[in-house]
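Single-structure report; data block below.
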Amino acid sequence: MKTELINENFSIYKFKLADFLKDLHQFTIEVGNPDFQKIISDLRSNINEPFLFVVVGEVKSGKSSFINALLKDDICKVDAAPCTDVVQKLEYSESRNEIQLSEFYKRIGVPSEILKTIAIVDTPGTNTIIKNHQEITQKFVPNSDLVLFIFPAKNPHTQSAWDLLDYVSDEWKKQVVFILQQADLARPDELSTNIEKVKEYAIKRGITSPIVFPTSAVLELEEKENSGFNLVREFIHNTITGGKHLKLKLQSILDTSQQVIEKTNSSLDQLKLTLEKDLAFAVKIKLRLETGEKHSTYEIKSLVDRLVSNYDKVSYEVKEEFEEGLSVFSLFKRTFGAIFNKDSSINNWIKELQKKFENKLHSSFEEIADDGAKHFLSGIKQLLQTLIDELDMKEQQRIKKDELYVKIGEERLHVIQDVKSKVTDLMANDSFTTFLNSRPSNLAPTAMGGGILAIVGAIILSTTQVAFMDITGGILTGAGLIIAGGVLIFKKSKIVKEFKEGLDSGKTKFESELTTKLNSKLSFIYEDINRTFIPFYEYTESEKKRLEPLFEKVKIVKENFLKLKNEINSNL
Numbered sequence: 001m002k003t004e005l006i007n008e009n010f011s012i013y014k015f016k017l018a019d020f021l022k023d024l025h026q027f028t029i030e031v032g033n034p035d036f037q038k039i040i041s042d043l044r045s046n047i048n049e050p051f052l053f054v055v056v057g058e059v060k061s062g063k064s065s066f067i068n069a070l071l072k073d074d075i076c077k078v079d080a081a082p083c084t085d086v087v088q089k090l091e092y093s094e095s096r097n098e099i100q101l102s103e104f105y106k107r108i109g110v111p112s113e114i115l116k117t118i119a120i121v122d123t124p125g126t127n128t129i130i131k132n133h134q135e136i137t138q139k140f141v142p143n144s145d146l147v148l149f150i151f152p153a154k155n156p157h158t159q160s161a162w163d164l165l166d167y168v169s170d171e172w173k174k175q176v177v178f179i180l181q182q183a184d185l186a187r188p189d190e191l192s193t194n195i196e197k198v199k200e201y202a203i204k205r206g207i208t209s210p211i212v213f214p215t216s217a218v219l220e221l222e223e224k225e226n227s228g229f230n231l232v233r234e235f236i237h238n239t240i241t242g243g244k245h246l247k248l249k250l251q252s253i254l255d256t257s258q259q260v261i262e263k264t265n266s267s268l269d270q271l272k273l274t275l276e277k278d279l280a281f282a283v284k285i286k287l288r289l290e291t292g293e294k295h296s297t298y299e300i301k302s303l304v305d306r307l308v309s310n311y312d313k314v315s316y317e318v319k320e321e322f323e324e325g326l327s328v329f330s331l332f333k334r335t336f337g338a339i340f341n342k343d344s345s346i347n348n349w350i351k352e353l354q355k356k357f358e359n360k361l362h363s364s365f366e367e368i369a370d371d372g373a374k375h376f377l378s379g380i381k382q383l384l385q386t387l388i389d390e391l392d393m394k395e396q397q398r399i400k401k402d403e404l405y406v407k408i409g410e411e412r413l414h415v416i417q418d419v420k421s422k423v424t425d426l427m428a429n430d431s432f433t434t435f436l437n438s439r440p441s442n443l444a445p446t447a448m449g450g451g452i453l454a455i456v457g458a459i460i461l462s463t464t465q466v467a468f469m470d471i472t473g474g475i476l477t478g479a480g481l482i483i484a485g486g487v488l489i490f491k492k493s494k495i496v497k498e499f500k501e502g503l504d505s506g507k508t509k510f511e512s513e514l515t516t517k518l519n520s521k522l523s524f525i526y527e528d529i530n531r532t533f534i535p536f537y538e539y540t541e542s543e544k545k546r547l548e549p550l551f552e553k554v555k556i557v558k559e560n561f562l563k564l565k566n567e568i569n570s571n572l
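Its first residue numbered 1, the sequence shown is counted upward by one per residue in this note's numbering.
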């Protein structure tokens, strides 16, 4: 009656677990992990399959002989050289048959009574499976219901087998049974010592009550009672009778599902932390650029203030010399001198005065402009270097390379490296020159082809020259015509007043035009810098949009799993 109740409950919870696995499989698809998709897909198939034993062991450990003796049939080849280079799944069949399912996997049908309730997977030797290791561990170990570890009785200390045990027991929480094969080759005291050693190794790896069976395939073929196989068969019988194997099967599937969920949750936690840091870094970049632009704007204002102050100084000297040159004595001297020397004429004085102060203006402004441009660019380059250093640190904060998110980590790294490369390019003068030359409006022709320093300097000098020439040139030329016309006595005060007003007006125009042009170029520069970070901004926002629903969904998956697990443990 109890067995019937177990069978009935098993059917109920098998369907519930199948429904959960369907949802979990969909979740692994949404997460984007093909390995976990395959594991859960296999679990969905495995739920209707016989109890699955996976047999692992090193080459020459007696693994194939053990399986042959257990099934009382010569199924697995026994050879001095390694022969088992594929995974073999042994299932019950009315007649013997073999189907090659892939390069490393074949299914063998065997008319053996024991295979009516269990299936056995025979794997290559643990010390020869490097090439196929991924297929074996990912396809069979997570889906096994029980793992049989075969060791040679004389030497159960081989590292490769115990490394695989770490994977089987620690990572996938599988039930493990240890077989010390070829026991007939070991002395009784040697066998006893090695049994205790295996238990010791197993306990160190978290297996609290390790089960160890010493066996001899040779003695079993001779039908000797002390072969140890009767104890193994009894263990299998006790495991699969009375409905125990049904609960064990569901429990095995639950254990594997739990590991998939926990691994996924752990990786999502890591991605969440990385995403939060990346989003914070994106905000930090924008803040740095905003602060940098404000600082550069201040540098421009400071430069313009210095240039305007110099403008005042030069224009004052112009006013003084111009007014002095309009004195009666000076005009008489130039008018009288012109009779004998045309170069002494008033018009020539006007031209010389204009040229003299143009040169003075140019030379004094050039020094200030050069110094100001250096400060301006130094601030921008310092900002770029800071961003490059921070990108270096961000590049080193790599996502842990687990089987779940290698692809995401590579995509993130590519975006960061691409952005860093573009920012590094901006550090070169040629890059800035190309950039500014692509927007040549308001640039003096002489600036083309130079470095950024020359370009910024040219903006300042060309603006200064145009503004000053527009004012002084027109006024001085007009003054020359008036003076030459002989009406100075009546017009002198008006000429001086208009000249001074013109210079003051020119200062306002100069300050406005220079500020506008430099700020325009400043905006272009910062737009270009900011544009290099757009791929990183887009990546972080895309990841946020993709991952946030998964962060919430994994909580629901965990809750549903724990609820189902508690139900199964309470009712089976």
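Don't be surprised by glycine CBs; every beta carbon is placed ideally from N, CA and C.
Which stretch, first to last residue, makes up the beta strand (DSSP E) that contains Leu-148?
For Leu-148, the uninterrupted beta strand (DSSP E) segment begins and ends at 146-152.
Helix, strand or coil for Lys-106 per DSSP?
Looking at Lys-106 - three-state DSSP - the assignment turns out to be strand.
Could you say which of Lys-494, Ser-266, Val-55 and Leu-514 lies nearest to Val-147 if we only look at CA atoms?
Val-55
Classify Leu-377 as helix, strand or coil using the three-state DSSP reduction.
In the structure shown, Leu-377 falls within a helical segment according to DSSP collapsed to helix, strand and coil.
What do you reckon, are the CB atoms on Leu-43 and Asn-155 nearer than 8 Å?
no
For the putative contact between Thr-297 and Asn-519, defined by C-beta atoms under 8 Å, what is the C-beta separation to the nearest angstrom?
7 Å
Quick check on the burial criterion: 16 or more other C-beta atoms within 10 angstroms. Buried or exposed for Pro-152?
buried
Please tell me whether Ala-217 and Gly-62 are closer than 8 Å, where the distance is taken between their beta carbons.
yes
Based on the DSSP secondary-structure assignment, which residues constitute the bridge partners of Gln-100?
Lys-106
Identify every residue that forms a DSSP beta bridge with Lys-89.
Arg-107 and Val-121
Go to Pro-214, then tell me how far its alpha helix (DSSP H) extends in each direction, as first and last residue.
Segment 211-214 is the beta strand (DSSP E) holding Pro-214; no alpha helix (DSSP H) there.
The alpha helix (DSSP H) with Phe-229 in it runs from where to where?
It spans 229-240 - the alpha helix (DSSP H) in which Phe-229 sits, taken as one unbroken run.
Can you tell me where the alpha helix (DSSP H) with Leu-70 in it begins and where it stops?
63-71
Short of 7 Å in beta carbon distance, which residues of its chain neighbour Lys-565, apart from the five on each side in sequence? Order them along the chain.
Only Leu-254 meet the Cβ criterion.
Could you check the C-alpha separation between Asn-425 and Leu-384 for me, to the nearest Å?
Correcting the residue type first, residue 425 is Asp in the shown sequence and not Asn. Approximately 10 Å between the Cα atoms of the pair.
Below 8 Å between beta carbons: does that hold for Asp-184 and Leu-219?
Annotated as proximal: Asp-184 and Leu-219, with beta-carbon spacing under 8 Å.
DSSP beta-bridge partners of Phe-53
Ile-120 and Leu-146
Count the other CB atoms within 10 Å of the CB of Glu-234; is the residue buried (16 or more) or exposed (fewer)?
exposed
Measure the CB-CB distance between Arg-306 and Thr-386 and report whether it falls below 8 Å.
no
Through-space distance from Leu-180 to Glu-589, alpha-carbon basis:
Nothing in the structure corresponds to residue 589, since the chain is present only between 1 and 572.
Skipping 5 residues on each side, what residues in its chain have a beta carbon closer than 7 Å to that of Leu-17?
Ile-47, Leu-250, Ile-253 and Leu-564
Would a C-beta distance cut-off of 8 Å place Asn-265 and Val-31 closer than the cut-off?
no
What are the boundary residues of the beta strand (DSSP E) that includes Val-141?
It is not in any beta strand (DSSP E) - Val-141 carries neither H nor E in the DSSP assignment.
Report the residue from Arg-546, Phe-53, Gln-417 and Ala-202 whose alpha carbon sits nearest the alpha carbon of His-237.
Phe-53
Which term fits Ile-534, buried or exposed, when burial requires 16 or more other beta carbons within 10 angstroms of its beta carbon?
exposed
Considering only their Cβ atoms, is the gap separating Leu-71 from Ser-112 smaller than 8 Å?
Closer than 8 Å, so yes.
Would you mind reading off the limits of the beta strand (DSSP E) that contains Leu-579?
Since the first and last residues shown for the chain are 1 and 572, residue 579 lies out of range.
Closest Cα partner of Leu-221 within the set Lys-204, Leu-572, Met-393 and Ile-67
Selected option, being the one with the closest Cα: Ile-67.
Determine the direct distance from the alpha carbon of Leu-164 to that of Leu-191, and round the result to whole angstroms.
Going from the Cα of Leu-191 to the Cα of Leu-164 covers about 23 Å.
Could you name the residues of the same chain whose beta carbon sits closer than 7 Å to that of Asn-310, not counting the 5 residues immediately before and after it, in chain order?
Excluding the 5 residues flanking it on each side, Asn-310 has same chain C-beta neighbours closer than 7 Å at Ser-364, Phe-365 and Ile-368, in chain order.
Give the range of the beta strand (DSSP E) segment to which Ile-40 is assigned.
Note, Ile-40: premise wrong, no beta strand (DSSP E); alpha helix (DSSP H) at 34-46.
Select from Glu-103, Ser-95 and Ser-257 the residue whose C-alpha is nearest the C-alpha of Val-141.
Ser-257
In angstroms with no decimal places, state the Cα-to-Cα distance between Thr-274 and Glu-390.
15 Å
Leaving out the 5 sequence neighbours to the left and right, which residues in its chain are closer than 6 Å to Ile-568 when beta-carbon positions are compared?
Sequence-distant Cβ neighbours of Ile-568 in its own chain, meaning closer than 6 Å and more than five residues away, are Tyr-13 and Leu-250.
On the premise that Thr-215 lies in contact with Phe-229, defined as a C-beta separation below 8 Å, what is that separation, rounded to the nearest angstrom?
6 Å
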